[in-house]
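Student: Here you go, one structure.
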Amino acid sequence: MREDRYEIGSEFALDAALLAPQADTLIDRLQPYRTAFYKNGRSAIRSVLRQIKGKRALLPSYICQSVIDAFERENYAVMFYTIRTDFTMDMDEIMQLLSGEADVFLLMHYYGTLQSTDDLQQLRELCSAGAVAIVEDTTHSLLTSLHTVGDYCVASLRKWFALPDGGVAYSLDNELSDEPAAAEPSFANARAAGMFLKGLYLDGLSEENELYRQLFVGAEHRIDQELEVGAISTFSRQVLDTFHAGNAAGIRSGNAAYLAERLNNRFVRPAIGMYGEGECPFFYPLYVVDRNAFRGYLNRNRIYCPVHWPITDRRLLAWSAVREISEHVISIPIDQRYTHADMNYIAKIVNEYEESRE
Numbered sequence: 007m008r009e010d011r012y013e014i015g016s017e018f019a020l021d022a023a024l025l026a027p028q029a030d031t032l033i034d035r036l037q038p039y040r041t042a043f044y045k046n047g048r049s050a051i052r053s054v055l056r057q058i059k060g061k062r063a064l065l066p067s068y069i070c071q072s073v074i075d076a077f078e079r080e081n082y083a084v085m086f087y088t089i090r091t092d093f094t095m096d097m098d099e100i101m102q103l104l105s106g107e108a109d110v111f112l113l114m115h116y117y118g119t120l121q122s123t124d125d126l127q128q129l130r131e132l133c134s135a136g137a138v139a140i141v142e143d144t145t146h147s148l149l150t151s152l153h154t155v156g157d158y159c160v161a162s163l164r165k166w167f168a169l170p171d172g173g174v175a176y177s178l179d180n181e182l183s184d185e186p187a188a189a190e191p192s193f194a195n196a197r198a199a200g201m202f203l204k205g206l207y208l209d210g211l212s213e214e215n216e217l218y219r220q221l222f223v224g225a226e227h228r229i230d231q232e233l234e235v236g237a238i239s240t241f242s243r244q245v246l247d248t249f250h251a252g253n254a255a256g257i258r259s260g261n262a263a264y265l266a267e268r269l270n271n272r273f274v275r276p277a278i279g280m281y282g283e284g285e286c287p288f289f290y291p292l293y294v295v296d297r298n299a300f301r302g303y304l305n306r307n308r309i310y311c312p313v314h315w316p317i318t319d320r321r322l323l324a325w326s327a328v329r330e331i332s333e334h335v336i337s338i339p340i341d342q343r344y345t346h347a348d349m350n351y352i353a354k355i356v357n358e359y360e361e362s363r364e
């Protein structure tokens, strides 16, 4: 990466020279499971919901809007359960809610940590007793544990690897629907072109930075308008064979630990304590007093961080913990693209924030 084009975060780039088959891929790790690959996580969820044929679902209150939309597009009535600011569940509340008419429970783990073993065991017992299917969303925990107690698991793959598109549904014990026909290719094609152009730009081989950004924005707008369940693109399915999952997990864990030791700013605090053995961070989340000002400051220093997640569904405003998370959390990139030198740069910028804040 050229120094004058240095950045951290944002979309992955693609480099054709690096797309060689690897060992210990996600495909290898999924061998014990029945699997079906989709264009995104939403399609994976919708396919599983069609398989279950339920009517009412219990979802976590801290959730991406696209997941709620997936349930409602399959005509599920949705209710919500509490997620605390430390990303844990309230099992007393869940016990009461499961005494109702829910037939699907969506379980989520956050930022690479897992819900506690005791809570998971209790949840499994409650759902088994009430004939409630557990759909386990492993998007945040994919390289920590593929499965805990879910009857079905689903994940979006694009935040873990340099993929134009990709989602997966998998299960140890339950049949899955056949993978759908190939999706309309414009979304995957636009993102693939943008990812290759970004790689060329960062290496100083292209000046098309505005073009690749426009391709990404246009692709996201397009996928938000699509209503059909679709399969993963042939290209993305092949690219999955080029990512070493173990290497990615090791780099992410090392980067998170290295960064955690170096952050020192009274305006920010870690949203997750120290990651445990075997836990692979999704991002490194921080709570920030004025998150929007902090995010703007990071952008000006070429560190681009997503927000998980803005609240667009007013029903979620009833949970004070969700408002707290949504308004104050920011996700710092620590993925396999980056080295300890990059973490030093992030720490330096974060630690200087008090002097630079507006």
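Under the working numbering, the first residue of the sequence shown is numbered 7, with each subsequent residue one higher.
Glycine is no exception: its CB is placed at the ideal position from the N, C-alpha and C atoms.
At 3 residues or longer, what runs of the beta strand (DSSP E) sit wholly inside the region 61 to 98?
Tutor: Listed in chain order, the complete beta strand (DSSP E) runs (minimum 3 residues) inside the region 61 to 98 are 62 to 66 and 83 to 87.
Student: Give me, in chain order, the residues of the same chain whose beta-carbon lies closer than 6 angstroms to that of Leu221; leave out the 5 immediate sequence neighbours on both sides.
Tutor: Along the sequence shown, one-based indexing puts residue 221 at 215. Hits under 6 angstroms: Ala196, Ala199 and Gly200.
Student: Under the three-state reduction of DSSP, which class applies to Ile317: helix, strand or coil?
Tutor: As a working mapping, residue 317 is identified with position 311 in the sequence shown. It is coil, neither helix nor strand.
Student: From the DSSP secondary-structure annotation, give me the bridge partner or partners of Gly173.
Tutor: Here residue 173 is taken as the residue at index 167 of the sequence shown, counted from 1. In DSSP, Gly173 forms a bridge with Tyr44 and Ser162.
Student: Could you work out which residue in Ala175, Asp296, Arg258 and Met85 is closest to Ala108 when comparing CA atoms only?
Tutor: Counted from its first residue, the sequence shown places residue 108 at position 102. Selected option, being the one with the closest Cα: Met85.
Student: What are the residues that DSSP puts in a beta bridge with Ser337?
Tutor: As a first step, residue 337 is located in the sequence shown; it is residue number 331 there, counting from the start. Beta-bridge pairing links Ser337 to Pro291.
Student: Comparing alpha-carbon positions, which option in Ala19, Leu32 and Leu20 lies nearest His250?
Tutor: Taking the sequence shown and counting its residues from 1, the one referred to as residue 250 is at position 244. Measuring from the Cα of His250, the nearest candidate turns out to be Leu32.
Student: Give the DSSP-derived three-state secondary structure of Arg269 in the structure shown.
Tutor: For this step, residue 269 is matched to residue 263 along the sequence shown. Per the sequence presented here, residue 269 reads as Leu, with Arg not at that position. Coil at Leu269, not helix or strand.
Student: Following the continuous alpha helix (DSSP H) through Ile229, name the residue where it begins and the one where it ends.
Tutor: Translated into positions along the sequence shown, residue 229 becomes position 223. Asn215 to Gln231 is the extent of the alpha helix (DSSP H) around Ile229.
Student: Distance check for Gly136 and Arg164, CA to CA, integer angstroms please.
Tutor: For the purposes of this step, residue 164 is taken as the residue at position 158 of the sequence shown. For the purposes of this step, residue 136 is taken as the residue at position 130 of the sequence shown. Cα-Cα distance, rounded: 34 angstroms.
Student: Run the CB neighbour count on Glu364, radius 10 Å, all protein chains shown included, and call it buried at 16 or more, exposed below.
Tutor: Mapped onto the sequence shown, residue 364 falls at position 358. Caution is warranted here: a pLDDT of 48 is assigned to Glu364, below 50, making its placement in the model unreliable, and the coordinate value is therefore given only provisionally. Exposed, by the Cβ-count rule.
Student: Within this structure, are the beta carbons of Val54 and Val160 separated by less than 9 angstroms?
Tutor: Your numbering for residue 54 matches position 48 in the sequence shown. Your numbering for residue 160 matches position 154 in the sequence shown. It is a contact, given that the beta carbons lie within the stated cut-off.
Student: First and last residue of the beta strand (DSSP E) that includes Leu112?
Tutor: As a working mapping, residue 112 is identified with position 106 in the sequence shown. Its beta strand (DSSP E) spans residues Val110 to Met114.
Student: Please classify Pro291 as buried or exposed, where buried requires at least 16 other C-beta atoms within 10 Å of its C-beta.
Tutor: Against the sequence shown, residue 291 aligns to sequence position 285. Per the 10 Å Cβ criterion, buried.
Student: Roughly how many angstroms separate the alpha carbons of Pro287 and Ser72, rounded to a whole number?
Tutor: Residue 287 sits at position 281 when you count from the first residue of the sequence shown. Residue 72 sits at position 66 when you count from the first residue of the sequence shown. Spanning the two alpha carbons is a distance of roughly 22 angstroms.
Student: Which class does Arg329 belong to by DSSP, given the choice of helix, strand or coil?
Tutor: One-based indexing of the sequence shown puts residue 329 at position 323. In the structure shown, Arg329 sits in a helix (DSSP, three-state: H, G or I).
Student: Asp143 bridges to which residues according to DSSP?
Tutor: Along the sequence shown, read from residue 1 onward, the residue named residue 143 stands at position 137. Answer is Met114 and Val160.
Student: If you draw a straight line from the alpha carbon of Ser242 to that of Gln102, how long is it in whole angstroms?
Tutor: As a first step, residue 242 is located in the sequence shown; it is residue number 236 there, counting from the start. As a first step, residue 102 is located in the sequence shown; it is residue number 96 there, counting from the start. Using only the alpha carbons, I get a separation of about 42 angstroms.
Student: Would you list the residues sitting across from Thr275 in a DSSP beta bridge?
Tutor: As a working note, residue 275 is residue 269 in the sequence shown. The amino acid occupying residue 275 in the given sequence is Arg; Thr does not appear at that position. Partner(s): Tyr293.
Student: Taking just the CA atoms, how far does Asn298 sit from Lys354?
Tutor: Counting from 1 along the sequence shown, the entry for residue 354 is found at position 348. Counting from 1 along the sequence shown, the entry for residue 298 is found at position 292. So the alpha carbons of these two residues sit roughly 19 angstroms apart.
Student: Can you find at least 3 beta carbon pairs, one from the region 229 to 246 and one from the region 180 to 194, that sit closer than 8 angstroms?
Tutor: Touching, per the Cβ criterion.
Student: From this set, Val141, Gly284 and Leu20, which residue's C-alpha is nearest Ile51's C-alpha?
Tutor: What you label residue 51 is simply residue 45 of the sequence shown in a count that begins at 1. The option with the nearest alpha carbon to Ile51 is Val141.
Student: Could you say if the region 266 to 276 and the region 312 to 322 meet the contact criterion of at least three C-beta pairs nearer than 8 angstroms?
Tutor: No: fewer than three Cβ pairs fall under 8 angstroms.
Student: What residue from Asn357, Gln127, Tyr39 and Glu213 has the CA that sits closest to Glu181's CA?
Tutor: Your numbering for residue 181 matches position 175 in the sequence shown. Cα-wise, what sits closest to Glu181 is Tyr39.
Student: For Ala254, name the three-state secondary structure that DSSP assigns.
Tutor: Translated into positions along the sequence shown, residue 254 becomes position 248. Helix, per DSSP.
Student: Indicate whether Val294 and Val335 have their beta-carbon atoms separated by less than 9 angstroms.
Tutor: The residue labelled residue 294 in the question sits at position 288 within the sequence shown. The residue labelled residue 335 in the question sits at position 329 within the sequence shown. Yes. Within cutoff.
Student: Should Val155 and Val274 be called a contact, given that it needs their Cβ atoms to be closer than 9 angstroms?
Tutor: Your numbering for residue 155 matches position 149 in the sequence shown. Your numbering for residue 274 matches position 268 in the sequence shown. No, the Cβ-Cβ distance between Val155 and Val274 is not below 9 angstroms.
Student: Hey, quick one: how far does the alpha helix (DSSP H) through Glu131 stretch, first residue to last?
Tutor: Stepping through the sequence shown from its first residue, residue 131 is reached at position 125. Note, Glu131: alpha helix (DSSP H), Thr123 to Ala135.
Student: Cα-Cα, which of Leu323, Val328, Glu333 and Gly282 is closest to Arg301?
Tutor: The sequence position of residue 301 within the sequence shown is 295, counting from 1. That would be Glu333, whose Cα lies nearest to the Cα of Arg301.
Student: For Ile14, which of helix, strand or coil comes out of DSSP?
Tutor: Against the sequence shown, residue 14 aligns to sequence position 8. Here Ile14 sits in strand by DSSP.
Student: Between Glu360 and Asp348, what straight-line distance do the alpha-carbon atoms span, to the nearest angstrom?
Tutor: Mapped onto the sequence shown, residue 360 falls at position 354. Mapped onto the sequence shown, residue 348 falls at position 342. Looking at the two C-alpha atoms, the distance is approximately 20 angstroms.
Student: Within the same chain, show all residues whose beta-carbon is closer than 6 angstroms to that of Ala327, passing over the 5 residues directly before and after it, in chain order.
Tutor: For the purposes of this step, residue 327 is taken as the residue at position 321 of the sequence shown. Arg90 and Thr91, listed in sequence order.
Student: Pull the bridge partners of Ala237 from the DSSP assignment, please.
Tutor: Counting from one through the sequence shown, the residue named residue 237 turns up at place 231. Answer by DSSP bridge pairing, in chain order: Tyr44 and Ala188.
Student: On the DSSP letters alone, give me the boundaries of the alpha helix (DSSP H) that Ala353 sits inside.
Tutor: One-based indexing of the sequence shown puts residue 353 at position 347. Unbroken alpha helix (DSSP H) run through Ala353: His346 to Asn357.
Student: Using only CA atoms, which one of Arg130, Thr150, Asp171 and Gly172 lies nearest to Tyr158?
Tutor: Counting from 1 along the sequence shown, the entry for residue 158 is found at position 152. Of the listed residues, the one whose Cα sits closest to Tyr158 is Arg130.
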